[in-house]
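Engineer: What follows is a structure written as structure tokens; I'll ask about it next.
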Amino acid sequence: MMAGVILVFSVAALMQFFVSYCRSLIAASSRRALSPDVQDVIGIERGAKGEDFERVMQFLHLCPERREDRNGIQAIGAYFRLLGAVGKTLGTLLPSLRVWTELERSQCAYFVAVALDRRIAYSRDMLADQMSA
Amino acid sequence: MPGPLEYSIWFLGALFEAAVVVCSLLRGPFRRYFTLNLYMSMSFLVTLGRYFVFTKHGLTSPEYTYFYYYSDAILTICLYFALMGLYAIVFEELQAALRLRVFMMLLLIGTTLFSYSVVHQSEARMLTHYIVEISQNLYFVGLVLTYVLWAALLKLHESRVRVIQIVLSLGVYFSINAANYALHNAYPNLRVIWEYLPPVAGMLLPVAWIYAFMRFDEEARLTPARLAVVPR
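Chains as they are written, first to last, in our numbering: chain A, 1 to 133; chain B, 1001 to 1232.
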């Protein structure tokens, strides 16, 4: 009985902590504007949409990886899939939840767009270093 | 015998634990987050100790089982100290850190005494059942304390990204472990789940802390209202 109560409470707390953690990652990058080059490449100017996520991820995989970004991107990828599952299941019963998950998914897409922007800048710096050497 | 996956998780876990302390020293917040670094150092040493006992006695030996569960209980207590350090950082402006520390110490002693009384009554079966219950209780109290700290962060409109991310990742870690031990207690046959979750969670916590130390300065801030799951 006690174990069951702890299990239920822990899983609920886990979901809440995980969602808040992902939101803290997103919030930290949401104020950053995308560079014009990245806006041209991915076709996002200010706000992204949830459906942009996979496309931006494909661009992201084409760029050399930055170690400091990797974990954040993986966490947001998991969060994005979780939101998709919630939107498709519970979202059909609760329209407001579906709207919320879609909004969150669009912010996930913006997060990866900012990560792409950083990776492109990082690649350019690396190339410039090699050229100067 | 552990396979390549288990060895990789083990090795990476130890590597990340050491990396937290190194990153913290490099970026400067070592003294400010001393209790967190103390926990990571202890965790690293315990991982080395577990590996030593494992190579000497084997995975299924009573020596390894005793060492595993007792070292886990000690690490949980170290994690309480880390949590206390976080409380002190969050409440430093309210001058309430001392009272909070006393309260948390009393809570820790209470949990230990409660668990000890349970163990004392059934000493013979301690490892088969009750040690799991002790760990479950310790992690659950840790989870509740982290939840209270998170609520306080929201209430106080705490905006320091680093503090927020450290607290939230600690919450994830406590939740996974409390749920895992409860699952172990309730469904001992689900070995596939409860054997793998703690090492994976033990790997994620240092990764999240490394990210928080390396990616953000102490003064990096965000809007706290964006973090609440229910919009405010």
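All C-beta atoms in this analysis are idealised placements derived from N, C-alpha and C, irrespective of residue type, glycine included.
So for V1032(B), helix, strand or coil by DSSP?
Structural biologist: The sequence shown places Arg at residue 1032(B), rather than the Val named in the question. Coil at R1032(B), not helix or strand.
Engineer: Do A13(A) and Y1080(B) have their CB atoms nearer than 8 Å?
Structural biologist: No, the Cβ-Cβ distance between A13(A) and Y1080(B) is not below 8 Å.
Engineer: Mapping DSSP to helix, strand and coil, what is R98(A)?
Structural biologist: Helix.
Engineer: List the whole-angstrom C-beta distance separating E1218(B) from P1029(B), where the pair is believed to meet the contact cut-off of C-beta under 8 Å.
Structural biologist: Indeed, because the Cβ distance is near 6 Å, the residues count as touching under 8 Å.
Engineer: Following the continuous alpha helix (DSSP H) through E1133(B), name the residue where it begins and the one where it ends.
Structural biologist: Residues I1131 to K1155.
Engineer: For F1174(B), is the classification buried or exposed, using 16 other Cβ atoms within 10 angstroms of its Cβ as the cut-off for buried?
Structural biologist: Result: buried.
Engineer: Between which residues of its own chain and S35(A) is the CB-CB distance below 7 Å, once the five residues before and five after are set aside?
Structural biologist: Taken in chain order, the residues that qualify are D117.
Engineer: Counting only C-beta atoms, is V1172(B) closer than 8 Å to chain A at any point?
Structural biologist: True, the Cβ-Cβ gap to chain A drops below 8 Å.
Engineer: At a CB distance below 7 Å, what residues from the stretch 1175-1188 of chain B approach chain A? Give them in sequence order.
Structural biologist: From the stretch 1175-1188 of chain B, only S1175, I1176, A1178, A1179, A1182, L1183, N1185 and A1186 have a Cβ closer than 7 Å to chain A.
Engineer: Going straight from the alpha carbon of R1232(B) to that of G77(A), what length do you get?
Structural biologist: Below a pLDDT of 50, predicted positions are generally treated as unreliable, and R1232(B), at 46, falls in that range; no measurement from the model is reported.
Engineer: Please say whether L1222(B) and A28(A) have beta carbons closer to each other than 8 Å?
Structural biologist: Against a cut-off of 8 Å, the Cβ pair of L1222(B) and A28(A) comes out as a contact.
Engineer: Terminal residues of the continuous alpha helix (DSSP H) containing S1239(B)?
Structural biologist: It is not possible to answer for residue 1239(B), since the shown part of chain B is limited to 1001 through 1232.
Engineer: Can you pull the chain A neighbours of Y1211(B), defined as C-beta to C-beta under 8 Å?
Structural biologist: Simply E68, N71 and G72.
Engineer: Any beta carbon from chain B within less than 8 Å of Y122(A)'s own beta carbon?
Structural biologist: No, because no Cβ of chain B sits closer than 8 Å to the Cβ of Y122(A).
Engineer: In the DSSP output, which residue or residues are listed as bridge partners for R1221(B)?
Structural biologist: In DSSP, R1221(B) forms a bridge with R1160(B).
Engineer: Nearest-angstrom Cα distance between Y1033(B) and G1171(B)?
Structural biologist: Rounded to whole angstroms, Y1033(B) to G1171(B) spans 17 Å at the Cα level.
Engineer: For a quick check, are the C-beta atoms of Y1196(B) and V1132(B) less than 8 Å apart?
Structural biologist: No, Cβ-Cβ distance for Y1196(B) and V1132(B) is not below 8 Å.
Engineer: Nearest chain B C-beta to I6(A) closer than 8 Å, yes or no?
Structural biologist: Closer than 8 Å to some Cβ of chain B, the Cβ of I6(A) qualifies, so yes.
Engineer: Quick check: is the beta carbon of F17(A) nearer than 8 Å to any beta carbon in chain B?
Structural biologist: Chain B contact via Cβ: present.
Engineer: Start and end of the alpha helix (DSSP H) containing A85(A)?
Structural biologist: Residues R67 to T89.
Engineer: For Q1095(B), decide whether its Cβ has a neighbour in chain A, counting only Cβ atoms nearer than 8 Å.
Structural biologist: No, because no Cβ of chain A sits closer than 8 Å to the Cβ of Q1095(B).
Engineer: Out of F80(A), A3(A), A75(A) and S123(A), point me to the one whose CA is closest to D52(A)'s CA.
Structural biologist: The option with the nearest alpha carbon to D52(A) is F80(A).
Engineer: DSSP three-state label for A133(A), please.
Structural biologist: Coil.
Engineer: Could you give the distance in angstroms between the alpha-carbon of A109(A) and the alpha-carbon of G50(A)?
Structural biologist: Their backbone Cα atoms lie some 6 Å apart in a straight line.
Engineer: V1090(B): which of T1055(B), A1073(B), R1160(B) and G1110(B) sits nearest, CA to CA?
Structural biologist: Considering only alpha carbons, the answer is R1160(B).
Engineer: Would DSSP call C108(A) helix, strand or coil?
Structural biologist: Note: C108(A) maps to helix in three-state DSSP.
Engineer: Could you say which of Y21(A), E54(A) and R66(A) lies nearest to M126(A) if we only look at CA atoms?
Structural biologist: For M126(A), the nearest C-alpha among the options comes from R66(A).
Engineer: Whether or not the stretch 1013-1020 of chain B and the stretch 1035-1044 of chain B are in contact is what I'm after, with contact meaning three or more pairs of Cβ atoms, one per stretch, closer than 8 Å; do they touch?
Structural biologist: Touching, per the Cβ criterion.
Engineer: Drop a sphere of 10 angstroms on the beta-carbon of T1035(B), count the other beta-carbons inside from all chains shown, and report buried for 16 or more, exposed for fewer.
Structural biologist: By the 10 Å Cβ count, T1035(B) comes out buried.
Engineer: What would DSSP say about L1216(B), mapped onto helix, strand or coil?
Structural biologist: What sits at residue 1216(B) in the sequence shown is Phe, not Leu. Looking at F1216(B) - three-state DSSP - the assignment turns out to be coil, as it is neither helix nor strand.
Engineer: Taking the C-alpha atoms as reference points, what is the distance between T1060(B) and V1053(B)?
Structural biologist: Computed Cα separation, rounded: 11 Å.
Engineer: For G1049(B), which residues of its own chain have a beta-carbon under 6 Å away from its beta-carbon, when the five flanking residues on both sides are left out?
Structural biologist: Result list for G1049(B): empty, nothing under 6 Å.
Engineer: Going along chain A in order, which residues have a C-beta closer than 7 Å to the C-beta of M1214(B)?
Structural biologist: By Cβ distance, chain A contributes E68.
Engineer: If you draw a straight line from the C-alpha of F59(A) to the C-alpha of A115(A), how long is it?
Structural biologist: Roughly 10 Å separates the two Cα atoms.
Engineer: Which of the three DSSP states, helix, strand or coil, is assigned to L1015(B)?
Structural biologist: Helix, per DSSP.
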